[in-house]
Each structure stands twice: as structure tokens, then as C-alpha cells.
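S.K.: Next up is a structure, given as C-alpha cells.
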Amino acid sequence: MDYTPLFSKAVRRSKASAIRELLKVIAQPEIISFAGGLPSPDLFPADEIAAIMKQVILEHPEASLQYGATEGQAALKKELITLLKETEDITATPEQILVVSASQQALDMTARAFVNEGDCIITAAPTYLGALQAFTAAGADIRGAKSDENGVLPEDVEALLADLKKQGKPCKFIYLVPDFQNPTGTTIPEERRLKLLALAKKYDTFILEDSPYRQVRFEGTAPRTFYALDQGHGNVITMFTFSKVLVPGFRLGFIVGPEEVIRKFVILKQAIDLCTSPLLQMATAAYLRGGHLKRHIQTLVASYREKRDLMLKTLAEVMPEGVTWTRPQGGLFLWLTLPKHMDAMALLSKALERKVAYVAGVDFYPDCKTKNDLRLNFSYSSHAQIVEGLKRLAQTIKENL
Ligand SMILES: Cc1ncc(COP(=O)(O)O)c(C=O)c1O
């Protein structure tokens, strides 16, 4: 049986994520990996979670083990509304929130809800690879706007928007990771956010705000979210996830947006997975109610800040002239730029021979134009691995300069 002619266009368009493929190669214990975007497993609050899960199941066996409402559990939404108000000064109603199976599902649903084959969207270049995958599967024509150390350039976004308008094509949405971006670690300052928001309004489109690293801030003051800055005008749909601040294995997150959009998303979700696990929603609600999240984030921030500092210090000590990197104020990643003539993808096989891994930057560009940059994750490796891995990487770069 040959399945090839039977596959849908979506499947034919899709290619495997370079990172997920790479994660299989680097599973060997002797490889030091700066490749994945993985939180540090030694910080998972396993005992606390186990106790809460047991309590939820014993106290509410019917609700926690039964199917739940597609919209999400009322008890969790109540906690989310409090969290949004306290941490982001965002006022939301239960009808403006949809609980999802983490933010990757939110990206997929947004693409399904807004993108017909050939429709244009704008993203920063580079941007999160998993978003590019979801948008590509939906058939989006992705236009990448240039970025600098403060994130995407509003003038470049405007040039793309104006160009699309001239061609009579609407921009369905502008996808942004505004805080400690994956992959570069950069944050968009508030002034630039306001300019981008004004552009969304001017060109009748919306900003899809995806900010999983926002709470992992080591220093400085957070700019307000796009959603808060929009003040309820409907030009922003935002999404949150518990993957980076609690555990990715829960696969739990939520979307906040205009009620009419959330209603459409609910119908899509009915077809995708009926509902997000009620057990995990109830456990997360109990975790939030107990005030554990705030304390846990403080632990994460302290640990990742130390690792970021160690990575920056070691890079300064071991990297040859001509190599530069970003200095993120939070999150999980930094972005390293090699001299122009070097190709980070070609270098990866040499790095793997030396038992160190990273992700080549090319995978994060919608148009695959830039070759000489790469992403380094600092949350997953131990202190000793960070020092040793960077020495190996520096040696590989020096040998191939
Ligand atoms: C920017 C961004 N969005 C979304 C995701 C997906 O995360 P999850 O589906 O676990 O919430 C990630 C994961 O690394 C990410 O970096």
C-alpha cells in the first residue's frame, strides 16, 4: 500500500522539527545539550504535585477522572482570572478564556481559525520553530520581519503590512514572542510594543502574543503585555502556558481573547481533543490556590539566573574573537552569532563529534536566509556541563574559523 497520494496537503507541507529530531540524536548521556528548550528537571516540584494529585482524585473522583467542559474547568478559570489580575493587571471574564493543552495547541488552533491556504501572516525573523510548523501546516504564507537586540523592528513590520495591503492581501495576524524570545532571548520594550500595536490597529489585524518565558525574569522591570496595552480593543490574542513555570508534562495553558474568538476556538477544540485533562486542570487550580506557583517561580528564577550568569561568564572566557551573543534578562536561551562566513548547521556535526549540541539558527527563520547563528539553552544543563560544553563548543568553532 502506497500512502503517498493519499496524504493531505497539510501533511505534505509539514517537515519534522529539527529540534525534536535532534533531541533523539542527543539522548546519549555523554552529550552535553544546549539544544532543547527544556526546563531543569531537578526543579520539578514532584512531591508537591504528587500530593495534590492524590488529594484531587480522592476528593473529586467524578470530576477529575471524567470528561470535562471543552471551555475548561470553572475552578481553574477562577484562579486564572485572579492570576491575570494580580500579575498582569489584566481583567478577564471566564468567557474570554479557553483552557488549552499548552500553548502549542493554541498556536495550532489560531492557525486553523484564521489561516486559509496562501493567507499571509507576519512573524519576527527569527522566531519560535514550533509556531512556524503550526502556521506552515495551515498553509500560511509567512513573512519574516527583521529583528535587532530589542526584538522585531516596527518599521520592517510596517513595510511588510504596507506591501501586503498594496497587493490586496490582508495580514491575518502578527505573531510575536515579546519576552525573552525563543530563540534570541530578546525582549521588546514597551515603546516598541505600542508602535506595533498601533500598526495592528492601522492595518486591521491582531497581534498573537505568545510569552511562555515572561515570568522567568532575572532583572529589570517587565514591560506591560501587548494584551494589557491594548486595553480591551480586541487587537491582541494572548496565550499563557504552565510548561516553563511549572512542568511541561502537564500540557496545560490558556488563551485570552475576545469572546467571539474564544467561542470559535471552543468549537475547533471540540474536534481536536474534546477537552484538556480535567485532572491536570484541577491539580493546577489547587496548586495556584495554595500559592505555590509564586514561590516556585522564585526558585526557578534564582537557579536560571545563576546558570545564565555562568554561561555569559564562560562564553566571555572561551569564545574566540568575532563571536558575539545576546545577554537575555530572563528566559531560557541566548543567541550566538558566529563570524559571517561560518555555517552553524555545518558546524553542528563537528560539535556533535565533540559531544556538544545546539540548534542552528537557520531553523528559526521563515525564509532560512541566515546561516551563522545558533541558539543555546542554559536552563537544562548543570553548572559543570555548562562550562565543559562551552569549552567544547569554543574549541569546535576555533578549529573551523
Ligand atoms: C515561544 C514558545 N511558544 C510555545 C511553546 C510551546 O510550549 P507548550 O506547548 O509546552 O506550552 C514554546 C516551547 O518551547 C515556545 O518557546
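Last residue of the sequence shown: 614 in my numbering, with the numbers rising by one and none dropped. Glycine is no exception: its CB is placed at the ideal position from the N, C-alpha and C atoms.
Between P254 and G352, what straight-line distance do the alpha-carbon atoms span, to the nearest angstrom?
M.R.: For the purposes of this step, residue 254 is identified with residue 41 of the sequence shown, where counting begins at 1. For the purposes of this step, residue 352 is identified with residue 139 of the sequence shown, where counting begins at 1. C-alpha separation (whole angstroms): 35 Å.
S.K.: Give every residue whose Cβ lies closer than 6 Å to any heavy atom of ligand 3, listed in chain order.
M.R.: Ligands present in the displayed structure are limited to ligand 1, and ligand 3 is not among them.
S.K.: Specify the secondary structure class of F431 as computed by DSSP and reduced to three states.
M.R.: Here residue 431 refers to the residue found at position 218 when the sequence shown is read from its first residue. Three-state result, F431: coil.
S.K.: Report yes if the C-beta distance between T489 and S316 is below 8 Å; otherwise report no.
M.R.: One-based indexing of the sequence shown puts residue 489 at position 276. One-based indexing of the sequence shown puts residue 316 at position 103. Taking 8 Å as the Cβ cut-off, T489 and S316 do not qualify as a contacting pair.
S.K.: Could you check which residue in P383, I610, Q318 and T497 has the C-alpha nearest to that of S562?
M.R.: Against the sequence shown, residue 562 aligns to sequence position 349. The option with the nearest alpha carbon to S562 is I610.
S.K.: So L487 and T283 are in contact, right, with Cβ under 8 Å, and what is the actual spacing, rounded?
M.R.: For the purposes of this step, residue 487 is taken as the residue at position 274 of the sequence shown. For the purposes of this step, residue 283 is taken as the residue at position 70 of the sequence shown. Contact flag correct, Cβ pair sits at about 6 Å.
S.K.: Can you tell me whether I480 is buried or exposed, with buried defined as 16 or more other CB within 10 angstroms of its CB?
M.R.: If you number the sequence shown from 1, residue 480 lands on position 267. Classification for I480: exposed.
S.K.: Does DSSP put F478 in a helix, a strand or coil?
M.R.: Counting from one through the sequence shown, the residue named residue 478 turns up at place 265. Three-state result, F478: helix.
S.K.: By how many angstroms is the C-alpha of F257 removed from the C-alpha of R588?
M.R.: Start at 1 with the first residue of the sequence shown, and residue 588 comes out as number 375. Start at 1 with the first residue of the sequence shown, and residue 257 comes out as number 44. Their Cα atoms are separated by approximately 24 Å.
S.K.: For G367, is the classification buried or exposed, using 16 other Cβ atoms within 10 angstroms of its Cβ as the cut-off for buried?
M.R.: One-based indexing of the sequence shown puts residue 367 at position 154. The displayed chain sequence assigns Pro, not Gly, to residue 367. Around the CB of P367, 16 or more other CB atoms lie within 10 Å, so the residue is classed as buried.
S.K.: Is DSSP giving G503 helix, strand or coil here?
M.R.: Residue numbering aside, residue 503 sits at position 290 when the sequence shown is read from its first letter. In this structure, G503 counts as coil in the three-state DSSP scheme.
S.K.: Taking buried to mean at least 16 other C-beta atoms within 10 Å of its own C-beta, is T418 buried or exposed?
M.R.: The residue given as residue 418 occupies position 205 in the sequence shown. Label assigned to T418: buried.
S.K.: Note down the Cα distance separating F455 from G470, rounded to an integer number of angstroms.
M.R.: Residue numbering aside, residue 455 sits at position 242 when the sequence shown is read from its first letter. Residue numbering aside, residue 470 sits at position 257 when the sequence shown is read from its first letter. Whole-angstrom Cα-Cα distance: 18 Å.
S.K.: Quick one: what's I310 bridged to in DSSP?
M.R.: Locating residue 310 in the sequence shown gives position 97, where the first residue counts as 1. V469.
S.K.: How is E272 classed by DSSP in three states: helix, strand or coil?
M.R.: The sequence position of residue 272 within the sequence shown is 59, counting from 1. Note: E272 maps to helix in three-state DSSP.
S.K.: State the Cα-Cα distance for the pair K290 and R605, rounded to the nearest angstrom.
M.R.: Taking the sequence shown and counting its residues from 1, one reaches residue 290 at position 77. Taking the sequence shown and counting its residues from 1, one reaches residue 605 at position 392. About 47 Å.
S.K.: Please name the residue or residues paired with E422 in a DSSP beta bridge.
M.R.: For this step, residue 422 is matched to residue 209 along the sequence shown. Its beta-bridge partners are L389 and T451.
S.K.: Taking the beta strand (DSSP E) that L587 belongs to, which residues open and close that run?
M.R.: In the sequence shown, the residue the question calls residue 587 occupies position 374. D586 to N590 is the span of the beta strand (DSSP E), which, as asked, contains L587.
S.K.: Return the chain-ordered list of same chain residues with a C-beta closer than 7 Å to the C-beta of L200, the five sequence neighbours on each side being excluded.
M.R.: The displayed coordinates of the chain run from 214 to 614. Any statement about residue 200 would go beyond what the structure contains.
S.K.: Of the choices F439, R540, C384 and Q380, whose alpha-carbon is the least far from that of N329?
M.R.: The count along the sequence shown starts at 1 and reaches residue 329 at position 116. It is C384 whose Cα lies nearest to the Cα of N329.
S.K.: Alpha carbon to alpha carbon, what distance is there between A529 and P552?
M.R.: One-based indexing of the sequence shown puts residue 552 at position 339. One-based indexing of the sequence shown puts residue 529 at position 316. Rounded to the nearest angstrom, the gap between the Cα atoms of P552 and A529 is 16 Å.
S.K.: Output needed for G447: all residues of its chain with C-beta closer than 7 Å, excluding positions within five of it in sequence on either side, in chain order.
M.R.: Taking the first residue of the sequence shown as 1, we reach residue 447 at position 234. Closer than 7 Å at Cβ, skipping near neighbours: P471.
S.K.: Would you kindly work out how many angstroms separate the C-alpha atoms of G398 and Q268, rounded to a whole number?
M.R.: Here residue 398 is taken as the residue at index 185 of the sequence shown, counted from 1. Here residue 268 is taken as the residue at index 55 of the sequence shown, counted from 1. So the alpha carbons of these two residues sit roughly 38 Å apart.
S.K.: So T537 and T550 are in contact, right, with Cβ under 8 Å, and what is the actual spacing, rounded?
M.R.: Taking the sequence shown and counting its residues from 1, the one referred to as residue 537 is at position 324. Taking the sequence shown and counting its residues from 1, the one referred to as residue 550 is at position 337. A Cβ-Cβ separation of about 5 Å places T537 in contact with T550 under the 8 Å criterion.
S.K.: Mind checking who R226 pairs with in its DSSP beta bridge?
M.R.: What you label residue 226 is simply residue 13 of the sequence shown in a count that begins at 1. Its beta-bridge partners do not exist; DSSP assigns none.
S.K.: What residue range is occupied by the uninterrupted beta strand (DSSP E) comprising K359?
M.R.: For the purposes of this step, residue 359 is taken as the residue at position 146 of the sequence shown. Residues D354 to D361.
S.K.: Please tell me whether L421 and I475 are closer than 8 Å, where the distance is taken between their beta carbons.
M.R.: The residue you call residue 421 lines up with position 208 of the sequence shown. The residue you call residue 475 lines up with position 262 of the sequence shown. I475 is positioned such that its CB atom lies no closer than 8 Å to that of L421.
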